[in-house]
Amino acid sequence: MNNSVNESTDSSPSLLSTSPHCLNTNTKLSICNMFADLLHTHFFEPCNQEFSQNTFENIFAHMELPEEINAEMKAMYDRVDLSKAEQFASAIKEDQFWSDNDISLVLFDILILFIHNGKNEINSLGKLINSFFDWMRISGNYDSRLRHLLILAADTLGITMEIFNECENALICTLEINSSKQAGDNNPSTSSKAEFREKSKKWKRALMIGFGGVVGGTLVGLTGGLATPLLAIGLATLSGSAAALGLATTAGAAVVGSIFGVAGAGWTGYKLKRRCGALEEFTIEILHYRRRSLHIALAVSGWITEDHLDSFKTPWRCLNASNEQYCLRYESKYLLEFGKAIDYIFSVALSCAIQHSLMETALAGVMSAVAWPVSLLGVASVIDNPWNVCIRRSQEVGEQLSQILLSRQHGHRPITLLGFSLGARVIYHCLLFMEKSGNFAGIVQNVILLGTPVGCSPCEWKKISQVVGGFIINGYCRSDWLLKFLYRTMNLQYFVAGLEPIENVSPRIQNKDLSLIVKSHSDYMNKLPEILNFIGIPVDIYGSLADGLDDDCRKIPYIENDNAFSGKGKKVYFETYGCQMNFNDVEIVRAILTKASFQETNNAKEADVVLLMTCAIRQSAEEKIWKRVKQLRKELQSVKGVKYCSPYIGILGCMAKRSAHPSGSEVGLVDLIAGPDAYRDLPRLIASCETGQQAVNTIFSYDETYADIHPVRRDSSSQFAYLSIMRGCSNMCSYCVVPFTRGFEKSRPVKSIENEFRQLCEELKVTLLGQNVNSYCDADASSTIVDGQLYLANGFVNVVKRKKCGIRFAELLQRLSNINNSVRIRFTSPHPKDFPDEVLDVIRNHPNICNSVHLPAQSGSNNVLRRMHRGYTVEAYMNLVEKIKDKIPGVTLTSDFISGFCGETDEDHEQTVQLIKNVQYSYCYTFVYSMRERTKAHRRYCDDVPIDVKKARSQQLQNEFRKGALILNRKFIGKTLTVLVEKESKRSTEFWMGRSDGNLKIIFPKSSVANCFDSSSSSSSIHQRNIKIGDFVDVDINDASSEVLKGVARRIVLLSES
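Here's what the structure looks like:
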């Protein structure tokens, strides 16, 4: 076969038209019957009767059937008792023509058959090709109903969408080649002809790759040879038979502009030239463009969460519905406000456990009665205002979109519309305006509406179904409490489409229950790839993201292959700020990046990526980190020499949410932002930085606990380890930003915790971590205790709804203690309410669980505690203190206090001082109150205590606890405590520093002492040896201050025998 481009315009037949075999009469009858059935079944509406009748008449005329059966065939179409299309498809396949030709040839023939309106002879499959291109030359129109009918026919004949799409791609190559050739003929210069030859080569290569490409190999093998004749069609065009295909004419060149719109340019760069009504922004942007396509897709987002150039594109990166895809950017200022409101109201809702409770409620409809929590209603205005604004504007945006579609600026080709939330509402109103215009036929093929905030009016849904040539998918979720909440005040006549199916309106409407995927309205954005895949829309989650990366990244599926977004030896430098949880998070990140082929370095100047694990608990912590980022940016740029060679700097952890919206001098300082639930995405985010754009993922997860990741510690020889058992916090204390920076409580499965603990059994101290560690609950595991109220200390209340069953903290402690009683177990940070008797009993009965209890009080004033939303009174707190001291002899207590909280008076402060005196803590952490955005205190209270007063009060609390700590510590003089040696003393290398069971710091001289247990001996023995880090040592206490105890080592012991 000659693959060169022939510039001749002779009328030699195509390769396929020379076939000596013709379709027999029975096959032609079967074709007519099959399409008559498809037309009756799928285009029965009054508005489509003329289209359906004309289409069938064209089919019938093209078949050139014998005169004696013409009357019967014409009458056949009016009968409704037709057999199924599948039976006729089977009869078509029985034709002997297919013994020498692949059934895939019928795809082009069907395409030609149903849209041709000329008078050419059609008595063989090959000659049908000429008819199709004659039609293209004449009309340049590709009706959406015709495309849907062709897809139905292809499916009936067992021809895949892959082959159908490649047929369209081959046709595009043919159109573009001949359009370019015509332009060259009109300007017969040597340069024009050379340009045509060069373009033809490129198009031919595109045809070879996209349409069977690898025809002498891969695609032919995968499709059983079906692609070969399709390639032949394309190569016949490329090798000189363009005249035979009817496109080497001026009309053939003009068809490109008609089909693709705006002189062939499509929607590229379309923008609203002037303000239209109340609209401030309306722009059509390219989402993904591989090549021109005979059908296009337009995606419309319902809200945005980031204010950047790709904010409307990001949710739809996975979409793979066409080679030519667009997205609509509109009213971004208002959609951003709505997106932030969703994020906030979702946080408040989860804090009240609203989501969980509403999921368990049978939502009979929008008007069903639900008693909304007062805490949620109290912040309703945060979302109601932007919601009402966006509801109004979405209708105006829909009207503007309808005008663009009706004017066919996208060309005379089918379009698929996709939208979620308010984006679906835009599309809904667009279709209503199109129906009202009356000139809507053949434009829209398919519509996908997800979580649509519109009513289920049968009249209106019937109207929009008439506009669509294919199908409408209504994706709904019965448990979408947020959408229900937004409609709580509206007196609706009908249910909401996003909550209920649209029934008994039109067969074109397909309802998809997304309740197994969508748990709340925000999931329409967060889980869009999964949703689209579920309803059958082609997705390519990682193909679009890899557009700016090298070829290797495109070929390898993300996550499923270890080499996806590989670091390829890039060096990463870590800095960690804040609590123990952050240090554990770095170990998780280290494990993820190590697996992705990154290497850690201790020198920031050698790094390709610098990651800062951040803390946002106080404003001063954030300021410190931003100062460090600026310092790093300056230092590393000077080292690398030029700006674009400097390493990527990333913010991880608690500051991520806030850093995603920087202001002032913070703008542009970091290249990467990853929230606490997005660490798995770091390899992709780092790879995305290479495209020159900031990479951001701050989405919270319902269930991400990194349970399957074994943290990689930097010092593998260390004998002290952290073990995270849960993440996030749902207490919603009014001063605390943790629920907004780390999300809400998620407990790891108990089995994964036990497995990691066994791996840490060689460690001597394991600290269990969690923002609210003693509220742990593995709801998926069975437990002997099922009443959740048993897990609250007396006098304490839950400010949020808790799970009522599962393995709780007490049972987890007991399980871990029993695995290895030689490992000392601590836990931090707890909440006082989650200390029921069961937890205290486990601590008392298991010697390897430290009898040190951290009991954060925060304030000694009931007025302040109420404003803090703590869920207890001072009296209840003191009762718990007495119970702990009674149940656990020798227990040491520590606490947290905040000085200068909103509205704190001198009397409130004195009550806090009195609480410290009454309890006598061994240590107190005191903090000056720092107002944090998004917290309840930030919204409702005034930070009215002067900073100097805050500092003075904090210092007074420090002085007071030290007095009590000194009294407590002096009581240990003359006693022997078992100490775990941790490190050398900071003040002298001649001393060891260790901690007791009660977490008291103890210093004693280095020496050689009796070893009461020699692990290298088969039996117990006593001999002298030097003390080393990791030893348990009995120390005789002979001195004490408020901070440390001092003593002399007596002997080395085993924890289990101490």
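Numbering of the sequence shown is given in UniProt numbering, commencing with residue 1 and proceeding in unit increments.
For glycine and all other residues, C-beta sits at the position ideal for the given N, C-alpha and C.
Small disclaimer: the values here were computed from a predicted structure and weren't measured.
So, is Asp480 buried or exposed, given that buried needs 16 or more other C-beta atoms within 10 angstroms? buried
Along the beta strand (DSSP E) that carries Ser899, what are the first and last residues, could you check? 892–899
Do you know offhand how far Pro830's Cα is from Ala604's? 35 Å
Mind checking which residues open and close the beta strand (DSSP E) that includes Phe961? Unbroken run through Phe961 is the alpha helix (DSSP H), 947–970; no beta strand (DSSP E).
Rounded to whole angstroms, what's the CA-CA distance from Gly536 to Lys463? Just pull it up for me. 24 Å
Within 10 Å of its beta-carbon, does Lys627 have 16 or more other beta-carbons around it, so buried, or fewer, so exposed? exposed
Going along the chain, which unbroken runs of the beta strand (DSSP E) with 3 or more residues stay wholly within the UniProt domain "MTTase N-terminal" (570–691)? 571–576, 609–614, 648–653, 672–674
I need the straight-line Cα distance from Asp671 to Pro647, nearest angstrom please. 9 Å
Going by DSSP in three states, Ala244 sits in which element: helix, strand or coil? Note that Ala244 scores 29 on pLDDT, short of 50, meaning its location in the model is unreliable; the coordinates nonetheless yield the value given after this. Three-state DSSP puts Ala244 in coil, outside helix and strand.
Between Arg758 and Phe338, what straight-line distance do the alpha-carbon atoms span, to the nearest angstrom? 47 Å
Thinking Tyr334 and Val374 are a contact (beta carbons under 8 Å), I'd like their distance in whole angstroms, please. Going by Cβ atoms, the distance from Tyr334 to Val374 rounds to 28 Å, so no, they are not a contact pair.
Neighbourhood of Lys936 by C-beta distance below 6 Å, restricted to the same chain and skipping five residues each side: Ser734
How big is the Cα-Cα spacing for Lys657 and Phe740? 8 Å
From Glu990 to Met931, what does the alpha carbon distance come to, in whole angstroms? 44 Å
Pick from Gly770, Thr894, Ser730, Ser996 that is closest to Arg824, judged by C-alpha positions: Ser996
Could you tell me whether the region 457–474 touches the region 431–446, where touching means 3 or more Cβ pairs closer than 8 Å? yes
Exposure label - Val919; buried when at least 16 CB within 10 Å: buried
Report yes or no: do three or more beta-carbon pairs, one from the region 882–897 and one from the region 840–851, lie closer than 8 Å? yes
Using 8 Å as the Cβ pair cut-off and three pairs as the minimum, do the region 565–575 and the region 589–605 touch? yes
Would you say the region 397–411 touches the region 377–387, given that touching needs at least three Cβ pairs under 8 Å? no
Within the same chain, show all residues whose beta-carbon is closer than 8 Å to that of His710, passing over the 5 residues directly before and after it, in chain order. Ala591, Glu756, Gln759
Do Ala321 and Thr452 have their C-beta atoms within less than 8 Å of each other? no
Taking the beta carbon of Met732 as the centre, do at least 16 other beta carbons fall within 10 Å, making it buried, or is it exposed? buried
Endpoints, beta strand (DSSP E) assigned at Gln325: 324–330
What number of angstroms, rounded off, separates the C-alpha of Lys28 from the C-alpha of Met63? 6 Å
Who pairs with residue 1059 in a beta bridge, going by DSSP? Any question about residue 1059 goes unanswered here, given that the chain covers just 1 to 1058.
Answer yes or no: do Leu611 and Val589 have a C-beta to C-beta separation smaller than 8 Å? yes
Could you check which residue in Lys340, Ala91, Ser566 has the C-alpha nearest to that of Leu685? Ser566
With a cut-off of 8 Å, do at least 3 Cβ pairs link the region 860–877 to the region 812–822? no
DSSP-derived helix/strand/coil call for Thr926: strand
Taking the continuous alpha helix (DSSP H) assigned at Gln445, which residues delimit it? That residue, Gln445, is in no alpha helix (DSSP H); its beta strand (DSSP E) goes 444–450.
DSSP beta-bridge partners for Asn774? DSSP lists no partner for Asn774.
How close, in whole Å, do the beta carbons of Leu1000 and Leu1045 come, if the pair is a contact with beta carbons under 8 Å? 6 Å
Which one of Ile1029, Ala695, Lys885, Ile625 has the shortest CA to CA distance from Ser718? Ile1029
Can Ile59 and Phe35 be called in contact, C-beta distance under 8 Å? yes
Boundaries of the beta strand (DSSP E) in which Gly419 is found, first to last residue: 415–420
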